[in-house]
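Read in order, the letters of the sequence shown are residues 33 to 427 in the numbering used here.
Have a look at the structure below, then the notes.
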Amino acid sequence: MQRVCRSAAGVLRVRRMGRGVIGGRGCLATSDGSRYNGRVTASIPSGAMLRLPPIVLGAMWRSLPGAEGARARLVHEAIDLGLTAIDTAPLYEFGRIEEELGRALRGRRDRVMLLTKVGLRWDGDHGEPLFAAEIEGRRRVVRRDSRPVAVRKDVEASLRRLQTDVIDLIQVHHYDDRTPVSDTIGELLRLREEGKVRSLGVSNYPAAALREAIVAAQGRGGLATTQEHYSLLERRIESEVLGLARAKGVGVLAFSALEAGVLAGRGLADARAVEDRAPMGHPKNLRRINEALRGTALPMAAEKGVGLPELALAWVLAADGVQAAIAGASSSEQLEALARVPEIRLASEERARLGDVFARLELDPHPGVPWRMRAEAFFRRRVAGLRRRLAPRRR
Ligand SMILES: NC(=O)c1ccc[n+]([C@@H]2O[C@H](COP(=O)([O-])OP(=O)(O)OC[C@H]3O[C@@H](n4cnc5c(N)ncnc54)[C@H](OP(=O)(O)O)[C@@H]3O)[C@@H](O)[C@H]2O)c1
Numbered sequence: 033m034q035r036v037c038r039s040a041a042g043v044l045r046v047r048r049m050g051r052g053v054i055g056g057r058g059c060l061a062t063s064d065g066s067r068y069n070g071r072v073t074a075s076i077p078s079g080a081m082l083r084l085p086p087i088v089l090g091a092m093w094r095s096l097p098g099a100e101g102a103r104a105r106l107v108h109e110a111i112d113l114g115l116t117a118i119d120t121a122p123l124y125e126f127g128r129i130e131e132e133l134g135r136a137l138r139g140r141r142d143r144v145m146l147l148t149k150v151g152l153r154w155d156g157d158h159g160e161p162l163f164a165a166e167i168e169g170r171r172r173v174v175r176r177d178s179r180p181v182a183v184r185k186d187v188e189a190s191l192r193r194l195q196t197d198v199i200d201l202i203q204v205h206h207y208d209d210r211t212p213v214s215d216t217i218g219e220l221l222r223l224r225e226e227g228k229v230r231s232l233g234v235s236n237y238p239a240a241a242l243r244e245a246i247v248a249a250q251g252r253g254g255l256a257t258t259q260e261h262y263s264l265l266e267r268r269i270e271s272e273v274l275g276l277a278r279a280k281g282v283g284v285l286a287f288s289a290l291e292a293g294v295l296a297g298r299g300l301a302d303a304r305a306v307e308d309r310a311p312m313g314h315p316k317n318l319r320r321i322n323e324a325l326r327g328t329a330l331p332m333a334a335e336k337g338v339g340l341p342e343l344a345l346a347w348v349l350a351a352d353g354v355q356a357a358i359a360g361a362s363s364s365e366q367l368e369a370l371a372r373v374p375e376i377r378l379a380s381e382e383r384a385r386l387g388d389v390f391a392r393l394e395l396d397p398h399p400g401v402p403w404r405m406r407a408e409a410f411f412r413r414r415v416a417g418l419r420r421r422l423a424p425r426r427r
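Written out as C-alpha cells, the structure is:
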C-alpha cells in the first residue's frame, strides 16, 4: 500500500505503507524522507504513480488563436507561478501548438512536465472518423487510429515538434475500437523502454477499455493516468471510471472543470461572453447555471475568500481519485487564480452541498439541436457502444 500526499507546492509524494485505510489530512512522511502537511488524496494499491502538480496548464488555447507571442508569455508566467506541468495534443491546431510549445520551452524544458497525446490522425483513411476540419487549406477527416504504427509515428512527430527527447506522459486521446487496446499499450510500453516516453495514460476511454488498458500495462510499469471530462456539471465518470481508476491506482486528470469559463462565472454579467461555449454557455442552460452560481457558489466562494474558478477546480480536486485538474487560461489573472487552487480546502459537507445544487439543474446537453439530429446522434452512439461491446469478442 502506498500513501499519497500533496505538498503545498502540489507535488504528489508517495510512501510505501503497510495495510490500512487512507483518508483525511496530515500525511507527513514521504518517499524522499521530507515532511509535508499536504492533504491525503488517494489510496494507491500499486502501479505507475506519476508525480504531477494538482493543476496542469491546458495548452489547447481556446482564446488567443494564433497569438504565439502571448501564448509563450503565458507559458513562461505559468512556470514562474509554479504551474509546471503542461498538457497539449497534436490535435490542437493540428500540430501548431506543440511546435509553439517547443519554441516557448527552449531553455526551460527541464522545469516542466510535458503531457501530450496520440491516436487522432488526419493524414490517412484508416480509423473511425471523429470530425472533419479545414487543415492547411484542405478539408480533412480526423480519425481515431491507435494502431501501433500510428502511435509510434505520433510520438516521434510530437518529440520533433516539442523539441524534446522525452515526453513525460503520453496519453491515448480517444478510444479506437478497431485496434486491440493491448496492441496500443504494448507499443507505448516499447516506446517507454526506448526512453521516448516516461509514463502512459489514456483519455475518454469507456470503463471496459480502461480496464483492458490497465491489464495490458500491469506488471510492465503500469498505466499512470486517465484524462476525463469532470466538473460540477459533468459527472458521468462517477458511475464507473472514477471508482475503477481509484481502485487500480490510476490517477484521474480532470479536464474542462471550468466548463470553458461558464463555471468561472464569465457569463454572469454578460451572456454573450460564453454563447459560443456550447452546451453550457447556451442561454437555455446558462440561466439555470448562473442561478446556481449566484445562489450557492458565489456565497461559498466569498466565505472562503476565493473566486469562482478556484472553487470549481477545488471541487473537482477534492474527489477521491482525481489526481490533477487540467485547466486553460488566457491571461495573467487567470493563471494567478489557477496557482491559488492547491491551497484551497473544501470540507466534505461543502463539496456535497455544492455538488448537489449543480446536480439538480435540469440542463439540455444538446440545446438548439433539432430533434432529428439528436435522434441520429443517439443511434450513432448506441451503434458505437454495441461495436465496442462486441469488439473483444470479434478478436
Ligand atoms: N482529453 C480531451 O479530450 C480534452 C478535451 C478538452 C480539453 N482537454 C484539456 O483540458 C484543457 C482545458 O480545457 P478547457 O479549455 O475545455 O477547460 P476549462 O479549464 O474548463 O476552460 C478554460 C477557459 O476558462 C476560462 N477561464 C479560466 N480561468 C478563468 C478565470 N480565472 N476567470 C474567468 N475565466 C477563466 C478561460 O476562457 P478564455 O480563454 O475565453 O479566457 C479559459 O480558456 C485543454 O487545454 C486541454 O489540455 C482535453
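Ideal placement from N, C-alpha and C gives every residue a C-beta, glycine not left out.
These figures come from a predicted structure and were not determined experimentally.
Practice item. May I ask you to report which of helix, strand or coil DSSP gives residue 217? Key: helix
Beta-carbon within less than 6 angstroms of residue 304's beta-carbon, same chain only, minus the 5 sequence neighbours each way: which residues are those?
none
Handout entry: Cβ-heavy atom distance, residue 157 to ligand 1, below 8 angstroms
Key = no
### Query
Between residue 364 and ligand 1, is the CB less than 8 angstroms from at least one heavy atom?
no
- request: Could you say if the stretch 211-218 and the stretch 188-198 meet the contact criterion of at least three C-beta pairs nearer than 8 angstroms?
  value: no
Are the CB atoms of residue 290 and residue 359 nearer to each other than 9 angstroms? yes
Residue 77 to residue 101 span [Cα, whole Å] = Note that residue 77 scores 40 on pLDDT, short of 50, meaning its location in the model is unreliable and no value can be drawn from it.
message: Taking contact to mean 3 or more Cβ pairs, one atom from each stretch, closer than 8 angstroms, check whether the stretch 221-230 and the stretch 152-165 are in contact.
response: no
| task | Within its chain, find whatever has a CB closer than 8 angstroms to the CB of residue 422; leave out the 5 residues flanking it on each side and keep chain order. | result | none
Practice prompt. Pull up the distance between the alpha-carbon of residue 326 and that of residue 365, whole angstroms please.
Written response: 22 angstroms
**OP:** Report yes if the C-beta of residue 292 is less than 8 angstroms from at least one heavy atom of ligand 1; otherwise report no.
**Re:** yes
Whose C-beta lies closer than 7 angstroms to the C-beta of residue 82 among residues of the same chain, with five residues either side of it excluded? 201, 231, 256, 257 and 283
*Verify whether the separation of the beta carbon atoms of residue 261 and residue 288 is less than 9 angstroms.*
yes
_Would the stretch 307-324 count as touching the stretch 389-400 if we require 3 or more Cβ pairs under 8 angstroms?_
yes
- Task: Count the other C-beta atoms from every protein chain shown that fall within 10 angstroms of the C-beta of residue 205, then say buried if there are 16 or more, exposed otherwise.
- Result: buried
What does the alpha-carbon distance come out to for the pair residue 10 and residue 413?
Given that the chain is displayed from residue 33 to residue 427, the structure contains no residue 10 and the question cannot be resolved.
- Query: How would you write the range of the alpha helix (DSSP H) that residue 163 sits in, first residue to last?
  - Reply: Premise fails: residue 163 lies in the beta strand (DSSP E), 160-167, not in any alpha helix (DSSP H).
Problem - Cβ separation of residue 148 and residue 199, assumed to be a contact under 8 angstroms, to the nearest whole Å - result: 6 angstroms
If you measure between the beta carbons of residue 118 and residue 152, is that distance less than 9 angstroms? no
Shorter than 8 angstroms, the distance from the beta carbon of residue 314 to the closest heavy atom of ligand 1, or not?
no
>> Measuring straight from C-alpha to C-alpha, what distance separates residue 246 and residue 419?
In response: 21 angstroms
Return the first residue and the last residue of the alpha helix (DSSP H) that residue 119 is part of.
-> Per DSSP, residue 119 belongs to no alpha helix (DSSP H); it is in the beta strand (DSSP E), 117-119.
Practice item. If I'm right that residue 208 touches residue 178 with Cβ under 8 angstroms, what's the distance once you round it to whole angstroms? Key: 4 angstroms
Cβ pair residue 116, residue 150 closer than 9 angstroms
no
With 16 other Cβ atoms within 10 Å as the buried cut-off, status of residue 171: exposed
Rounded straight-line distance, which links the Cα of residue 285 to that of residue 269
11 angstroms
Note to self: Let's test the definition: count the other Cβ atoms within 10 Å of the Cβ of residue 186 and tell me whether it reaches 16, buried, or not, exposed.
What the structure shows: buried
Which value, in whole angstroms, describes the spacing of the CA atoms of residue 3 and residue 309?
Past the edges of the chain, shown from 33 to 427, lies residue 3, and the structure says nothing about it.
Does the beta-carbon of residue 139 have 16 or more other beta-carbons within 10 angstroms, so that it is buried, or is it exposed?
-> exposed
query: For residue 239, which residues of its own chain have a beta-carbon under 6 angstroms away from its beta-carbon, when the five flanking residues on both sides are left out?
result: 272, 273 and 276
Practice problem: Compute every distance between the C-beta of residue 149 and the non-hydrogen atoms of ligand 1, then say whether any falls below 8 angstroms. | Solution: yes
Start-to-end residues for the alpha helix (DSSP H) that takes in residue 109
100-112
Report yes if the CB atom of residue 295 is closer than 9 angstroms to the CB atom of residue 340, and no otherwise. yes
| query | So what's residue 145 in DSSP terms, helix, strand or just coil? | reply | strand
- For residue 103, count neighbouring C-beta atoms within 10 Å of its own C-beta (all shown protein chains included) and say buried if the count is 16 or more, exposed if not. buried
On the criterion of 16 or more Cβ atoms from any shown chain inside 10 Å, does residue 212 qualify as buried, or is it exposed? buried
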